[in-house]
Amino acid sequence: MEERRSRRLREQRSPRVNMFRHLGLIFATGAMLATFFTAFTPYGLTYGLGQDYEPPAADPDILFLTPTPRPRPKIGIVAGHWGLDEGAICPDGLTEVSLNLNVATRVKEAIAEQGFDVDLLQEKDERLDGYKALVLISIHADSCAYYGTDATGFKVAPTFASARPEKSERLVACIYSRYQEATGLPFHRGITDDMTSYHTFDEIHTDTTAAIIETGFMNLDRQILEDQPDLIAAGIVNGILCYIRNEDASLPESP
-7 MEERRSRRLR EQRSPRVNMF RHLGLIFATG AMLATFFTAF TPYGLTYGLG
43 QDYEPPAADP DILFLTPTPR PRPKIGIVAG HWGLDEGAIC PDGLTEVSLN
93 LNVATRVKEA IAEQGFDVDL LQEKDERLDG YKALVLISIH ADSCAYYGTD
143 ATGFKVAPTF ASARPEKSER LVACIYSRYQ EATGLPFHRG ITDDMTSYHT
193 FDEIHTDTTA AIIETGFMNL DRQILEDQPD LIAAGIVNGI LCYIRNEDAS
243 LPESP
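With my numbering applied, the sequence shown corresponds to residues -7 to 247, in that order.
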């Protein structure tokens, strides 16, 4: 009886024992196969056993794309008569081009500090052919001749060749407002054909908003033109920024 009970218990336990035995055999076989295939990897068995691995050097022929920065808005500043002639000349030798270039250089530097790309252009600059920019301003000074006490103040006129003339008119309004505010000079109404038919207006791209300014008369306004170029430049810079920033340019009296 006792021997029969022992045999029955052994028969009941044997399937479980056999199951664990089979599982152990499977795990052992898997470990051996993993070790075998690791030994034939490109970096060898030693790296699989914990040795430090250094990745291969980067291939210089492989190019990685980098984001392209957005182009900054461009502003064009023409120094009137620069590279062409002297412009107006005073009896003592003061030249218009020297005044224009001095102011234009200061305008360029101030606008560049605001984060814009700025071109300082000559009167007949080759780049003006089809020139495309957010804004273009041509800077000039008026005659040194004495025409009476009314020959004082500044003039500003837009391009009529623009595809969007209302933009050029707004630019003129901004310059008129800010330049008068900065310099205290009056607006002179003697706009000439040389301004409204300025040759550069026909050369630049029709999408470029443009204007021309006569900063003052080299006779009665000489002191501020010659001695305070920073003030003259500030008025022009503020006018450009007024246009770009869409600031209010309204005045009690329009030019």
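Glycine included, C-beta positions come from ideal geometry on N, C-alpha and C.
Look at A125 here: in three-state DSSP terms it is coil, with no helix or strand label.
Around the CB of Y123, 16 or more other CB atoms lie within 10 Å, so the residue is classed as buried. Beta-bridge annotation (DSSP): I131 is paired with A71, I205. Between L217 and A143 the beta-carbon gap is near 13 Å, outside 8 Å, which marks them as no contact.
Taking C-beta atoms as the reference points, A125 and N92 fail to come closer than 8 Å. I69 is the residue among R214, I69, R64 whose C-alpha sits nearest the C-alpha of R119. Taking each of I67, D185, L76, L86 in turn and checking the Cα distance to N211, the smallest one comes out for L86. Bounds of the beta strand (DSSP E) holding P150 are 147 to 150. Assigned with DSSP and collapsed to three states, L112 falls in strand. DSSP places E161 in the uninterrupted alpha helix (DSSP H) bounded by 157 to 175. Here S154 is buried, its C-beta having at least 16 other C-beta atoms within 10 Å. DSSP places T97 in the helix class (H, G or I) of the three-state scheme. Short of 8 Å from the beta carbon of S169, and not among the five residues preceding or following it, lie these beta carbons of its own chain, in chain order: G231, C234, A241, S242, L243. Setting aside the 5 residues that flank it on each side, A149 is surrounded in the same chain by I183, M187, T188, I204, each with a C-beta closer than 6 Å to its C-beta; the list follows chain order.
For I67, the closest alpha carbon among the candidates P157, R162, A104 is that of A104.
In the three-state scheme derived from DSSP, where H, G and I count as helix and E and B as strand, I183 is classed as coil.
Its chain contains V95, T207 as the residues whose beta carbon lies nearer than 6 Å to that of I224, once the 5 sequence neighbours on both sides are disregarded; these appear in chain order. Residue environment analysis places Y139 among the exposed positions, since fewer than 16 neighbouring C-beta atoms fall within 10 angstroms of its C-beta. With a cutoff of 8 Å on beta-carbon distance, H197 and G145 are scored as not near each other. The alpha-carbon of G79 is positioned some 9 Å away from that of S135. In this chain, the alpha helix (DSSP H) harbouring P221 covers 221 to 236.
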